[in-house]
Amino acid sequence: MTAAELTASRTGALRGRVRAPGDKSISHRALILGALATGETRIEGLLEGEDVLRTADAMRAFGATVEQLGDGRWRVVGEGGFSEPADVVDCGNSGTGVRLIMGAAAGFAISATFTGDESLRGRPMRRVLRPLGEMGATWTASAGDRLPLTLRGGGLRHIAYELPEPSAQVKSAVLLAGLHAEGGAEVIEPEATRDHTERMLRAFGARVEVTEQGHGRRIGLPGGQALTGTAVQVPGDPSSAAFPLVAALITPGSEVTVEGVLLNPLRTGLLETLREMGADLTFSNLREAGGEQVGDVTARHSALRGVTVPPERAPSMIDEYPILGVAAAFAEGPTVMRGLAELRVKESDRIALMAAGLAACGVGVEEEPEGLTVVGAARANHGVAGGARVTTHGDHRIAMSHLILGLASERPVAVDQPGMIATSFPGFVELMRGLGGAIGDEVRQAV
Ligand code: S3P
């Protein structure tokens with residue numbers, strides 16, 4: 000998709016059944032663990048978005064064989080270790096990709112230079128470099144802790160690391176480095192974050208010891224363990240499913256089912272919040288696939304009311320606040336979101352961009368250093384005005400969120416840099432059009 004902007008316009012009822020694309024977090028991990036392992040890993044349902052394809056290229060650069068066999072079907076053959084890449088490793092837009100790969104690479108006596116696009120080069124890397132440094136890796140960067148940077152690994156020692164920020168990326172980087180550290184590694188997370196790395200390490204044959212501690216967990220990875228290639232089934236991404244589901248909730252007459260959605264409780268914070276807001280969400284065909292809980296989720300148009308989201312829920316819905324902001328715009332009364340410091344260092348400053356985008360569309364917002372309050376239009380018994388061109392700073396979730404808003408607002412909403420949507424949700428526009436959504440690249444006078 001090469002359009003300079005995309006426009007979403009008011010739509011009739013959205014109806015249909017769709018499949019969410021493969022989960023981004025699990026897709027990255029499947030490729031990285033496959034490359035670290037010995038033998039063949041077969042992956043089904045891999046997300047073929049730009050971010051994950053960068054990780055596939057990176058795994059080739061570190062010496063693994065990575066091949067696409069068919070639609071979402073991939074084969075990875077690892078040699079049980081990484082070799083030094085001949086060139087700079089470019090992770091594109093992906094914080095997950097670069098942070099997990101740095102952790103994995105730190106375990107080996109090789110040096111690798113990492114970079115990314117403009118957004119990724121502006122994001123903090125100290126959060127992973129600090130624990131990797133404590134384990135014995137060294138690094139040099141030309142600007143603070145930002146990419147491009149060169150990491151040199153090998154000879155790592157054990158670490159017991161308490162996460163200062165609730166980040167599954169940092170936890171995963173430490174655990175992956177721990178695979179090749181003397182004595183392994185231990186991570187203490189005061190708040191539980193997505194546990195796909197722990198689950199997948201087990202699927203690849205590693206022993207991982209997890210103990211609950213209050214809201215958090217202590218995760219121990221004993222040293223001296225090797226991974227063996229295995230089969231991985233990637234479920235549908237709840238962070239992507241959120242867009243058609245919220246679109247159905249805010250568009251009168253709609254009923255949309257997203258099939259095969261990952262329902263790991265550390266990823267379902269948005270669905271819980273929407274239910275508290277009065278959303279008509281039903282779950283069917285609940286099953287276990289690839290060691291994860293999955294199911295089909297149906298959303299019907301609902302009269303939503305504003306809620307206060309408990310800050311401790313943030314890790315289980317961290318990528319979903321932008322689309323929650325859209326649902327909140329159509330609710331009755333304010334929705335208060337706090338404890339969102341991490342949102343300022345995502346692909347963009349998502350608090351600032353949501354506040355600006357919603358305000359430009361006529362929605363009442365109040366921005367705080369670590370929070371956002373959205374005052375739903377339904378209270379004043381009028382709709383959301385829309386009629387704005389929204390600056391996304393190349394952030395895929397900011398773009399998709401405002402396009403969903405445009406489907407239910409009075410006037411069309413346009414977003415810039417829509418090509419970035421392909422980082423996490425290739426086929427988003429076609430999927431929304433298939434449900435009846437009016438999204439196009441024609442420039443509309445009404446905006
Ligand atoms: C991810 C963790 C989260 C999330 C990101 C994916 C992962 O980031 O925002 O999209 O796959 O581990 P943090 O770990 O920085 O919170």
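If you count by numbering that gives the first Met the number 0, then the sequence shown holds residues 0 to 446, one letter each, in order.
The C-beta atom is built at its ideal place from N, Cα and C for all residues, glycine as well.
Could you tell me which residues DSSP pairs with residue 156 in its beta bridges? Reading the sequence shown from its first residue, position 157 is the one you call residue 156. Answer is 181.
State buried or exposed for residue 313, treating a residue as buried only when at least 16 other CB atoms are found within 10 Å of its CB. Residue 313 sits at position 314 when you count from the first residue of the sequence shown. Per the 10 Å Cβ criterion, buried.
Can you round the beta-carbon distance between residue 217 and residue 185 to whole angstroms, since I take them to be within the 8 Å contact cut? Against the sequence shown, residue 217 aligns to sequence position 218. Against the sequence shown, residue 185 aligns to sequence position 186. With 8 Å as the limit, residue 217 and residue 185 qualify as a contact, their Cβ atoms being about 7 Å apart.
Report the rounded CA-to-CA distance for residue 445 versus residue 361, giving the unit in angstroms. Within the sequence shown, the letter at position 446 stands for residue 445. Within the sequence shown, the letter at position 362 stands for residue 361. Only weak support exists for where residue 445 lies, its pLDDT of 43 falling under 50; the coordinates are left without a value.
What number of angstroms, rounded off, separates the C-alpha of residue 302 from the C-alpha of residue 394? Working through the sequence shown from its first residue, we reach residue 302 at position 303. Working through the sequence shown from its first residue, we reach residue 394 at position 395. About 29 Å.
Who are residue 235's beta bridge partners in DSSP? Taking the sequence shown and counting its residues from 1, the one referred to as residue 235 is at position 236. Beta-bridge pairing links residue 235 to 21 and 260.
Assign residue 230 to one of two classes, buried (16 or more other C-beta atoms within 10 Å of its C-beta) or exposed (fewer than that). In the sequence shown, residue 230 corresponds to position 231, counting from 1. It is exposed - the Cβ of residue 230 has fewer than 16 other Cβ atoms within 10 Å.
In the region 33-115, which residue ranges form an unbroken alpha helix (DSSP H) of at least 4 residues, counting only runs that do not cross its ends? Uninterrupted alpha helix (DSSP H) stretches at least 4 residues long and entirely within the region 33-115 occur at 49-60 and 94-105, given in chain order.
DSSP state of residue 5, grouped into three classes? The residue given as residue 5 occupies position 6 in the sequence shown. In the structure shown, residue 5 sits in a strand (DSSP, three-state: E or B).
Is it the case that the CB of residue 239 approaches a heavy atom of the ligand S3P more closely than 6 Å? Locating residue 239 in the sequence shown gives position 240, where the first residue counts as 1. No, the Cβ of residue 239 stays beyond 6 Å of every heavy atom of the ligand S3P.
Tell me whether the region 265-280 and the region 293-301 touch, counting them as touching only if at least three CB pairs, one residue from each stretch, are closer than 8 Å. The region 265-280 makes contact with the region 293-301; the number of CB pairs closer than 8 Å reaches 3 or more.
Do residue 233 and residue 169 have their C-beta atoms within less than 7 Å of each other? One-based indexing of the sequence shown puts residue 233 at position 234. One-based indexing of the sequence shown puts residue 169 at position 170. No, Cβ-Cβ distance for residue 233 and residue 169 is not below 7 Å.
How is the beta strand (DSSP E) around residue 428 delimited, first residue to last? Within the sequence shown, the letter at position 429 stands for residue 428. Counting along the chain, residue 428 falls outside any beta strand (DSSP E), though it belongs to the alpha helix (DSSP H) covering 427-433.
According to DSSP, which residues form a beta bridge with residue 331? What you label residue 331 is simply residue 332 of the sequence shown in a count that begins at 1. Beta-bridge pairing by DSSP links residue 331 to 304 and 376.
Supposed contact pair residue 22 and residue 235 - C-beta distance, whole angstroms, cut 8 Å: Position 236 of the sequence shown holds residue 235. Position 23 of the sequence shown holds residue 22. So it is a contact: roughly 7 Å between Cβ atoms.
Would you mind listing the alpha helix (DSSP H) stretches within the region 167-234 that are 4+ residues and don't spill past its ends, in chain order? If you keep only unbroken alpha helix (DSSP H) runs of at least 4 residues inside the region 167-234, you get 167-177 and 195-202.
Per-residue DSSP class, three states only, for residue 13: Here the question's residue 13 lines up with position 14 in the sequence shown. It is coil, neither helix nor strand.
Rounded to whole angstroms, what is the Cα-Cα separation between residue 123 and residue 252? One-based indexing of the sequence shown puts residue 123 at position 124. One-based indexing of the sequence shown puts residue 252 at position 253. Those two C-alpha atoms are separated by around 44 Å.
Residue 269 and residue 316: beta carbons closer than 7 Å? If you number the sequence shown from 1, residue 269 lands on position 270. If you number the sequence shown from 1, residue 316 lands on position 317. Contact: yes.
For the alpha helix (DSSP H) that residue 294 lies in, which residues bound it at each end? The count along the sequence shown starts at 1 and reaches residue 294 at position 295. Note, residue 294: premise wrong, no alpha helix (DSSP H); beta strand (DSSP E) at 291-299.
Hey, how far is the Cα of residue 443 from the Cα of residue 48? In the sequence shown, residue 443 corresponds to position 444, counting from 1. In the sequence shown, residue 48 corresponds to position 49, counting from 1. Its pLDDT being 48, under 50, residue 443 is placed unreliably by the model, and the measurement read from it follows with that caveat. Roughly 29 Å separates the two Cα atoms.
Out of 322, 40 and 293, which one is the CA nearest neighbour of residue 67? Numbered from 1 along the sequence shown, position 68 holds the residue referred to as residue 67. With distances taken between Cα atoms, residue 67 lies closest to 40.
Would you kindly check if the distance between the Cβ of residue 329 and the Cβ of residue 20 is under 7 Å? On the sequence shown, position 21 is the one that residue 20 refers to. On the sequence shown, position 330 is the one that residue 329 refers to. Result no, Cβ atoms of residue 20 and residue 329 do not sit closer than 7 Å.
Should residue 226 and residue 176 be called a contact, given that it needs their Cβ atoms to be closer than 7 Å? Taking the first residue of the sequence shown as 1, we reach residue 226 at position 227. Taking the first residue of the sequence shown as 1, we reach residue 176 at position 177. Their beta carbons are not under 7 Å apart, which means residue 226 does not touch residue 176 by this criterion.
With H, G and I counted as helix, E and B as strand and the rest as coil, what does DSSP make of residue 438? For the purposes of this step, residue 438 is identified with residue 439 of the sequence shown, where counting begins at 1. Residue state, collapsed to three classes: strand.
Hey, could you find the ends of the beta strand (DSSP E) residue 286 is sitting in? To locate residue 286, count along the sequence shown from 1; it is residue 287. First-last of the beta strand (DSSP E) with residue 286: 279-288.
heavy atom of the ligand S3P below 6 Å from residue 54 C-beta: Within the sequence shown, numbered from 1, the residue matching residue 54 stands at position 55. Not under cutoff, so the answer is no.
Just to confirm the assignment, what range does the beta strand (DSSP E) spanning residue 413 have? Taking the sequence shown and counting its residues from 1, one reaches residue 413 at position 414. Residues 412-415.
Let me know if residue 396 comes out buried or exposed under the rule of 16 or more other beta-carbons within 10 Å of its beta-carbon. Residue 396 sits at position 397 when you count from the first residue of the sequence shown. Flag for residue 396 reads buried.
Buried or exposed (CB count within 10 angstroms, at least 16 for buried), residue 434: If you number the sequence shown from 1, residue 434 lands on position 435. Answer is buried; the Cβ neighbour count reaches 16.
For residue 34 and residue 431, what's the separation of their Cα atoms in angstroms? Residue numbering aside, residue 34 sits at position 35 when the sequence shown is read from its first letter. Residue numbering aside, residue 431 sits at position 432 when the sequence shown is read from its first letter. About 34 Å.
What is the residue span of the alpha helix (DSSP H) that residue 133 lies within? Indexing the sequence shown from 1 puts residue 133 at position 134. Here the alpha helix (DSSP H) through residue 133 covers 125-134.
Let me check you understand the geometry: is the CB of residue 118 closer than 6 Å to at least one non-hydrogen atom of the ligand S3P? Within the sequence shown, residue 118 is the residue found at index 119, counting from 1. Checking the Cβ of residue 118 against the ligand S3P gives no.
Under 7 Å between the Cβ atoms of residue 6 and residue 436? Counted from its first residue, the sequence shown places residue 6 at position 7. Counted from its first residue, the sequence shown places residue 436 at position 437. No, the pair does not count as a contact, with Cβ atoms beyond the cut-off.
Taking just the CA atoms, how far does residue 110 sit from residue 161? To locate residue 161, count along the sequence shown from 1; it is residue 162. To locate residue 110, count along the sequence shown from 1; it is residue 111. The alpha-carbon atoms of residue 161 and residue 110 are separated by roughly 26 Å.
Considering only heavy atoms of the ligand S3P, does any lie closer than 6 Å to the CB of residue 317? Indexing the sequence shown from 1 puts residue 317 at position 318. Result yes, Cβ under 6 Å from the ligand S3P.
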